[in-house]
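Written below as structure tokens is the structure these notes are about.
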Amino acid sequence: MMKTCSAHCKFCDKKYVVKSKWLPYTFLDLSIDFQHFFHMLKHHRKEFTFKSFSRAIWSIIKRILISLGVGLLIIFKCLLYPLYLLLSLLYE
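Here the sequence shown is numbered in this note's numbering, starting from 100 and rising by one per residue.
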């Protein structure tokens with residue numbers, strides 16, 4: 100199943116679309132946030148105020164923390180599942 104995340108720039112209507120079969124939505128959203136942030140810095144510097152800059156940075160920091168949490172959950176799930184399987188086979 101293909102996962103798709105999309106966003107667009109409100110000043111020039113440039114669209115960002117990221118598709119993946121195996122990455123979670125949080126990582127796809129984070130990549131779109133980075134692309135949109137650097138697009139704003141490069142092409143729309145006049146419209147880019149301190150308030151929008153701080154909001155964008157805060158949004159990226161929140162997405163990074165959420166992505167780290169999801170990544171850690173995936174790693175724990177991959178590491179602990181063999182232990183669960185082994186214990187369930189031993190005590191059944």
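Each residue gets a CB set at the ideal place from its N, CA and C atoms; glycine is no exception.
Since the model is a prediction, treat every value here as computed from it, not as a measurement.
Residue-level contact to chain D via CB, residue i, 9 Å cutoff
i: R162; result: Any reference to chain D falls outside this structure, which holds one protein chain only.
Cβ-based neighbour list, residue i, same chain, cut-off 7 Å, excluding 5 preceding and 5 following
i: S158; result: D132
i: E146; result: F110
Three-state class that DSSP yields for residue i in the structure shown
i: T148; result: coil
i: K109; result: coil
Unbroken beta strand (DSSP E) run spanning residue i, endpoints
i: K118; result: 114–119
Where the alpha helix (DSSP H) through residue i begins and ends
i: L129; result: 124–142
Close beta carbons around residue i, own chain, < 8 Å, minus the five adjacent residues each side
i: K120; result: M100, M101, K102
Cβ shell of residue i (< 6 Å), same chain only, five flanking positions each side left out
i: H143; result: F110
i: S130; result: V117
* Asked: Taking contact to mean at least 3 C-beta pairs separated by less than 8 Å, is the stretch 174–183 in contact with the stretch 126–143?
  -> Below 8 Å, too few C-beta pairs join the stretch 174–183 and the stretch 126–143 to call them touching: fewer than three.
* At least three beta-carbon pairs within less than 8 Å, the stretch 161–168 to the stretch 121–128 -> Counting Cβ pairs under 8 Å, three or more are found: they touch.
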